[in-house]
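Numbering (my numbering), first residue to last: 56 to 332.
Glycine included, each C-beta is placed from N, C-alpha and C at the ideal position.
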């Protein structure tokens with residue numbers, strides 16, 4: 056069973072967010088939202104996981120993630136991230152509405168899955184595991200959003216394009232403020248928790264609709280772990296999700312990452328903001 060290796064404590068991200076005087080839009084602001092990602096929360100309905108949802112919202116992990124993306128990318132239109140009850144455990148990107156939805160029920164579904172592992176996630180690690188997994192899901196949905204908004208060509212496989220862009224978003228966002236670095240680390244740890252689940256429940260709509268398989272999680276993390284331009288993610292090489300079957304030999308994530316930026320730089324350059332000092 057994977058344990059969080061390098062992640063920073065989730066508790067306190069919200070206070071870091073406030074202390075830095077970041078400028079993500081709050082639900083109370085009026086008028087037309089500015090271009091970029093914005094967060095909207097809805098109070099969780101009474102349920103077994105309502106307390107978990109409330110804690111995730113109050114911690115501010117999504118506020119920091121959104122601010123990190125807005126500091127990194129020139130997002131041409133407003134994009135809303137909403138955490139709301141949906142009636143089923145899923146996450147969606149709706150291009151027509153420019154809206155990413157993370158459903159409250161997904162929290163309950165993931166908690167149940169993490170508790171059914173051969174070695175269940177301990178209660179003390181559950182808040183970090185859930186926030187991290189949802190953060191990774193958000194970055195993945197945000198990659199879908201940017202593929203549409205930036206009109207990136209998807210070539211033969213949309214999934215491969217989104218996976219590569221997810222890795223780049225994690226890498227680029229981690230080069231920002233310390234809070235953004237923390238959120239990226241939390242998201243990577245969350246992806247490792249997701250990869251620990253051998254078989255997601257068939258009724259978990261997110262898993263079946265998005266086909267975010269263990270192999271795809273491994274591909275994203277291999278691209279992140281093979282990077283030499285950001286935080287030290289070398290420890291990822293020892294994670295089981297990055298290991299190929301023995302007959303294929305050792306996976307070389309640095310090689311897999313070697314031409315990632317070379318291929319993406321011409322497409323990304325017009326959409327990247329200058330790094331803040």
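- CA-to-CA, the gap between residue 318 and residue 194 works out to about 20 Å.
- In this structure, the CA atom of residue 227 is about 16 Å from the CA atom of residue 200.
- Beta-bridge annotation (DSSP): residue 133 is paired with 91.
- Bridge partners of residue 148 according to DSSP: 155.
- If you look at residue 141, you'll find it isn't in any alpha helix (DSSP H); DSSP assigns it neither H nor E.
- The C-alpha of residue 296 lies about 32 Å from the C-alpha of residue 134.
- Distances from the CA of residue 163 to each of 105, 153, 129 were compared; the closest alpha carbon is that of 105.
- Between residue 309 and residue 111, the alpha-carbon positions lie close to 34 Å from each other.
- Separation of residue 311 and residue 277 (C-alpha to C-alpha, rounded to the nearest whole angstrom) is 7 Å.
- CA-CA distance, residue 120 to residue 184, rounds to 16 Å.
- Linking residue 282 to residue 221 through their CA atoms gives a straight-line distance of about 13 Å.
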